[in-house]
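Residue 1 is where the sequence shown starts when you use full-length UniProt numbering, and the numbers rise one by one after that.
From the three backbone atoms N, C-alpha and C, an ideal C-beta is built for every residue, glycine too.
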Amino acid sequence: MLKKKLLVLNTSIILGVGGLISIPSVSAEYSTQIQQVEKTISDTENKLSVLKEKVKKTDIAIQENNKLIAQTESDIKKEQAEIQKLEEEIKVLNETIAKRTEILKSRAQSFQESGGKVSYIEVLLGSEDFSNFIDRVFAVSQIANADSDLIKQHELDKAAVEEKQSEVKKKLEELTGKKTELDGMKSLLLQQKEQNDTLKNDLEEAQKGNKAKLNELEAKVQAEQQAQKATQKVTVQNTSSSSKESSSNSGKSGGKVAYTPPANDGSLNTVLTAGNKYIGNSVYVFGGGRNAYDIANGRFDCSAFVSWAFRQAGISIGSSTEALRTQGKKISYSEARPGDLVFFDTYKRDGHVAIYLGGGKFIGSQSSTGVAIANMNSGYYQKTFKGHVRRVANF
1 MLKKKLLVLN TSIILGVGGL ISIPSVSAEY STQIQQVEKT ISDTENKLSV LKEKVKKTDI
61 AIQENNKLIA QTESDIKKEQ AEIQKLEEEI KVLNETIAKR TEILKSRAQS FQESGGKVSY
121 IEVLLGSEDF SNFIDRVFAV SQIANADSDL IKQHELDKAA VEEKQSEVKK KLEELTGKKT
181 ELDGMKSLLL QQKEQNDTLK NDLEEAQKGN KAKLNELEAK VQAEQQAQKA TQKVTVQNTS
241 SSSKESSSNS GKSGGKVAYT PPANDGSLNT VLTAGNKYIG NSVYVFGGGR NAYDIANGRF
301 DCSAFVSWAF RQAGISIGSS TEALRTQGKK ISYSEARPGD LVFFDTYKRD GHVAIYLGGG
361 KFIGSQSSTG VAIANMNSGY YQKTFKGHVR RVANF
């Protein structure tokens, strides 16, 4: 549409007798401004698309987090009910322990009152006859066994109480800690949502201004076209027959002039700069960058981004690190030049790939930043770069 609007402004007519003069035109000025505004609108739309996706994901994360919080609160209530039940059991056990303690105290007191000197043998030897001896043996044995069992059960019950108390305390601490963590996560997600919503509103307002400016520029172009058409009409009516013929010949060639985009700076420059539009406006997605939606929204993994950048220059290479790590020619880092591929041993050998820019810099889709330019001479990428460089194209 814009090309058709500007076509009239780009043509020339004959003024006077045989004089070829171009009508003063603002086409170049308006064309540049309109292209800039259209690019801004396109970039803003891309940003809004990515941001809306982030808002959507944040909303889903908030919903899932709220479900976890509700489930945890339900678990805490169940655990509190279990605690109450255990406290009743502990109460009964403590009462039983108290009763046993009194029995043991009573027996100890009786033994003390007897002087504490009557031994098991003395009790048996004090029997009057064999029948009495058997009765005493049985009685003493029963008392000893009863005391022993009582003490054992006493200790077991005490251990059970302590174990249940510890178990209940541990469960409650775990659930309380989980609830605290989820509440913190909820707070962070809400902050992120607020930031995303604010940025989204700002971008939408800016987009309204961009579209209003575009409409204004298009209206100016239309008004200028109408003015020049009026000038052409008057001028043509006053030309000589020879100038009319020249004008006709000129019009045949000039009327078909089409908009020509700026010349390409070269395939290397295309590879190195194609991804610049995604810097700060993209996200790392494992397996991303392999369909139109992902590419439009800057959703790449490392190898897909590298493959896409080369395709912009008409060069087809692999789209996985496994394919790229054997493609082209392996060279030393000292020989590396812009456009070469650099590999990093991240989660595995050659786990990350990017495009070398020169000067220790590279551009790639990093898991922490999306598409970005990074430094391989310091920090994380210095540690993970093991010298693997490949040349897949000769620029």
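{"Asked": "Please say whether isoleucine 295 and isoleucine 373 have beta carbons closer to each other than 8 Å?", "Found": "no"}
{"Asked": "For aspartate 301, count neighbouring C-beta atoms within 10 Å of its own C-beta (all shown protein chains included) and say buried if the count is 16 or more, exposed if not.", "Found": "buried"}
{"Asked": "Whole angstroms are fine: how far does the CA of glycine 289 sit from the CA of aspartate 340?", "Found": "20 Å"}
{"Asked": "In the DSSP assignment, what are the bridge partners of arginine 391?", "Found": "Lys329"}
{"Asked": "Applying the criterion that 16 or more other CB atoms from any shown protein chain within 10 Å of the CB defines a buried residue, is isoleucine 60 buried or exposed?", "Found": "exposed"}
{"Asked": "DSSP puts glutamine 366 in a beta bridge; with which residues?", "Found": "Gly370"}
{"Asked": "Given threonine 40, which residues of its chain have a CB within under 6 Å of its CB, disregarding the five upstream and five downstream residues?", "Found": "Asn210"}
{"Asked": "Note down the Cα distance separating lysine 170 from asparagine 94, rounded to an integer number of angstroms.", "Found": "21 Å"}
{"Asked": "List the whole-angstrom C-beta distance separating isoleucine 83 from valine 168, where the pair is believed to meet the contact cut-off of C-beta under 8 Å.", "Found": "5 Å"}
{"Asked": "Please name the residue or residues paired with leucine 341 in a DSSP beta bridge.", "Found": "Ile355 and Arg390"}
{"Asked": "Taking the DSSP output, what are the residues bridged to phenylalanine 385?", "Found": "Phe344"}
{"Asked": "Could you check if isoleucine 355 is buried or exposed, using at least 16 other CB atoms within 10 Å of its CB as the buried criterion?", "Found": "buried"}
{"Asked": "Report the partner residues of asparagine 66 according to the DSSP bridge assignment.", "Found": "DSSP output for asparagine 66 lists no bridge partner at all."}
{"Asked": "Can you tell me the Cα-Cα spacing of glycine 314 and alanine 393, whole angstroms?", "Found": "11 Å"}
{"Asked": "Use the C-beta contact count for lysine 47: other C-beta atoms within 10 angstroms, 16 or more gives buried, fewer gives exposed.", "Found": "buried"}
{"Asked": "Which residue's Cα is closest to the Cα of leucine 324: Asp350, Glu73 and Arg299?", "Found": "Asp350"}
{"Asked": "Ends of the alpha helix (DSSP H) at asparagine 291?", "Found": "Where asparagine 291 is concerned, there is no enclosing alpha helix (DSSP H), given that its DSSP letter is neither H nor E."}
{"Asked": "With burial defined as no fewer than 16 other Cβ atoms inside 10 Å of the residue's Cβ, what is the status of serine 31: buried or exposed?", "Found": "buried"}
{"Asked": "Would you tell me roughly how many angstroms separate the C-alpha atoms of glutamine 153 and glutamine 165, rounded to the nearest one?", "Found": "18 Å"}
{"Asked": "List the endpoints of the continuous alpha helix (DSSP H) containing asparagine 269.", "Found": "267-273"}
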